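With this note's numbering applied, the sequence shown covers 565 to 1050. The beta-carbon is built from N, C-alpha and C at its ideal position, and this holds for glycine as well. None of the values given here were measured: they were computed from a predicted structure. Just below is one structure, and these are the notes that go with it.
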Amino acid sequence: MKITTQSFKALKLSPVLLSAIKRIGFTTPTQIQMDAIPAILDGSDVLAGAETGSGKTAAFALPLLQTLIEHKKNDGYNQARGNHVRALILVPTRELTIQIREDILELAQMMRPEIRCLSVYGGVKINPQMMAMRGGVDVLISTPGRLLDLAAHNALKFNKLQTLVLDEADRLVGSNFQEEIEDIFKILPKQRQNLLFTATFPESVRKLVRVLLNEPTIINLEHSSEVLIDQHVVTVNYDKKNDLLAHLLNENDWRQVLIFCSAKKRCDNLVLKLEKRDISATALHGDKAQKERIAALENFKSGASRILIATDVASRGIDIEKLDCVINYELPRSPNDYIHRIGRTGRAGTEGQAITLISHHEYAHFSVIEKRNNLNLVREQVAGFEADRKAPPPPTRDNPRKKNRKKLTKKQRTKIKAKKVVNKINTVSPAPTLPVKKTSLIKLRPKFGAKPIKEMDENKDKLSASVVIKKTPKPKVVNESIWGKK
């Protein structure tokens, strides 16, 4: 059956939103949208398991906008004055805050007056964000750290907060954000609607559900990416990975490719290695300035850049409808991140391709990823780049600390050398064991400047090897009447 905008109308959305949906070109609501929108409009908490690219942003954005329209009839838009926030969306990365804000403004393009939708994140000055909060915000999209910073500056109030959304909750409740999320829950009002959207369900998410949600509506969609995403696992010797990657990029007519590395330094190194092979690429990671990151994302989304090399965190927020291929140059640390990575392609029902390059030292880790995600992928090889049966010597890891170590001055080198000599001198070897003879303790009258007891042997001409008499300097007598005359 062909689904049209009548299906969106059946979801009891405002004509204003239906007009925006039609202008954007949406004709078919996704499964997550059809399941989540009615539950959110009814006011219940929602736990939705949906893969990346399933339309989950519109699934929570449309009911939020619908609620704002209904409040306009009753209370008007002035409800959000005085630094108040009406809806809060928490996301793990800066790029995702920008992406979600763009999506919400696109859905709200027909609303009058325009809603106040603001995205805040770290890495930039906080004062402009504090100024933007003064008039109140209808929808605030924020990273956890910057939200706590704004709260510490009394830049926002949550008295009128109605809805809390945790997008990519599996990333938010990880070790990097766990304490921040707990601190945020403490400053939010207890009476609110909670919406959790996640691609995976690790134990950390299940614990959060038990604490946060109240009789939630559970929407757990089966992953369709296994069918829509053509996954390949290619074995290759570690020293041939760069050559194989260049071969794949040159031989395939991919319009755009997203390549994943596990470290920031590796992204920059891979860009340089590809440039030596006349292949242009752009790096995207957390050490880049915010302007550079935004420019890299915009160029990639617009098609000006063909190849983007990114880390897992920086890639969040990359939303391209038809991304041809994702290449895992290095494996993700977490099995859940593998799903997030390949979910960048094959979005919204389109077909995609994911290629994972693994060397001998990565075989065991990828087996864990397969087991956790219920995958069983065939190991493939590319002609001319076959992996050896026996593992070659382990790869030498790049050590940026060693490479970037500052050269010591002559004075510093001399100081370090002298310290080693002193340490060597102070290292006393144990004294040899000597035959012990019976000794008698002879008590002498205490004399200033020496210890009161001397231990001497029977012959009285040798001191025991275990006794060391240390003389101390005789103090200067200030008043002879105190000490007495000698």
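Item	Value
Would you call the CB atoms of Leu861 and Tyr893 closer than 7 Å?	no
Looking at C-alpha atoms only, which residue of Ala982, Glu659 and Leu575 is the closest neighbour of Val688?	Glu659
Rank Phe765, Asp842, Arg650 and Arg819 by C-alpha distance to the C-alpha of Ala868 and give the top, closest one.	Arg819
Would you check if the distance between the CB atom of Glu944 and the CB atom of Val800 is smaller than 7 Å?	no
Cutting at 7 Å between CB atoms, please list the residues of its own chain near Pro627, excluding the five before and the five after it.	Ile601, Ile604 and Leu605
Using the beta-carbon count (16 or more within 10 Å), is Met695 buried or exposed?	exposed
Considering Cα atoms alone, identify which of Ala874, Gly916 and Ala928 is closest to Pro899.	Ala928
To the nearest angstrom, how far is the alpha carbon of Glu746 from that of Val580?	37 Å
Rounding to the nearest angstrom, what Cα-Cα distance links Asp734 and Pro656 in this structure?	10 Å
Does the separation of the CB atoms of Ile690 and Asp713 fall below 7 Å?	yes
Consult DSSP for Pro1010 and reduce its assignment to one of helix, strand or coil.	The predicted position of Pro1010 is uncertain, since its pLDDT is 49 and thus under 50; no value can be drawn from it.
In whole angstroms, what is the alpha-carbon distance linking Asn863 and Lys750?	40 Å
Going along the chain, which unbroken runs of the beta strand (DSSP E) with 3 or more residues stay wholly within the stretch 785-869?	793-799, 821-824 and 846-848
From this set, Thr764, Leu728, Asn723 and Glu926, which residue's C-alpha is nearest Leu704's C-alpha?	Leu728
Going by beta carbon distance, what residues of the same chain come within less than 6 Å of Gln976, once the five residues before and after it are set aside?	none
Which term fits Ala651, buried or exposed, when burial requires 16 or more other beta carbons within 10 angstroms of its beta carbon?	buried
Counting beta carbon pairs with one atom in the stretch 821-829 and one in the stretch 845-855, are three or more of them shorter than 8 Å?	yes
Determine the DSSP secondary structure at Ser578, reduced to helix, strand or coil.	coil
Note down the Cα distance separating Arg770 from Asp901, rounded to an integer number of angstroms.	17 Å
Could you tell me the boundaries of the beta strand (DSSP E) in which Gln1063 lies?	Since the first residue of the chain shown is 565 and the last is 1050, residue 1063 is not available in this structure.
Just to confirm, are Asp842 and Gln917 a CB contact at a threshold of 7 Å?	no
Per DSSP, Ala918 forms a beta bridge with which residues?	Gln795 and Val890
Whose CA, out of Ile884, Ser844, Ser923 and Leu725, lies closest to the CA of Ile873?	Ser844
State the start and end residues of the unbroken beta strand (DSSP E) segment that holds Gly546.	Beyond the ends of the chain as shown, which are 565 and 1050, falls residue 546; an answer cannot be given.
Considering only residues of the same chain and omitting the five flanking positions on each side of Glu743, which have a CB-CB separation below 7 Å?	none
Could you check if Arg905 is buried or exposed, using at least 16 other CB atoms within 10 Å of its CB as the buried criterion?	buried
Would DSSP call Lys971 helix, strand or coil?	coil
According to DSSP, is Arg908 part of a helix, a strand, or is it coil?	coil
Kindly list the residues whose CB is nearer than 8 Å to the CB of Ser571, restricted to its own chain and excluding five residues on each side of it in sequence; keep chain order.	Thr592, Pro593 and Met598
Which residues does DSSP pair with Lys684 in a beta bridge?	Checking the sequence shown, residue 684 turns out to be Val, not Lys. Answer by DSSP bridge pairing, in chain order: Ser706.
Between Ser706 and Asn833, what straight-line distance do the alpha-carbon atoms span, to the nearest angstrom?	31 Å
Can you check which of these residues, Ile748, Thr781 and Gln854, is closest to Tyr685 by C-alpha distance?	Gln854
Can you say whether His717 is buried or exposed, counting buried as having 16 or more other CB atoms within 10 angstroms of its CB?	exposed
Might you give, ordered along the chain, the residues of its own chain that have their beta carbon closer than 6 Å to the beta carbon of Phe624, omitting 5 neighbours on each side?	Val729 and Leu759
Does DSSP classify Thr978 as helix, strand or coil?	helix
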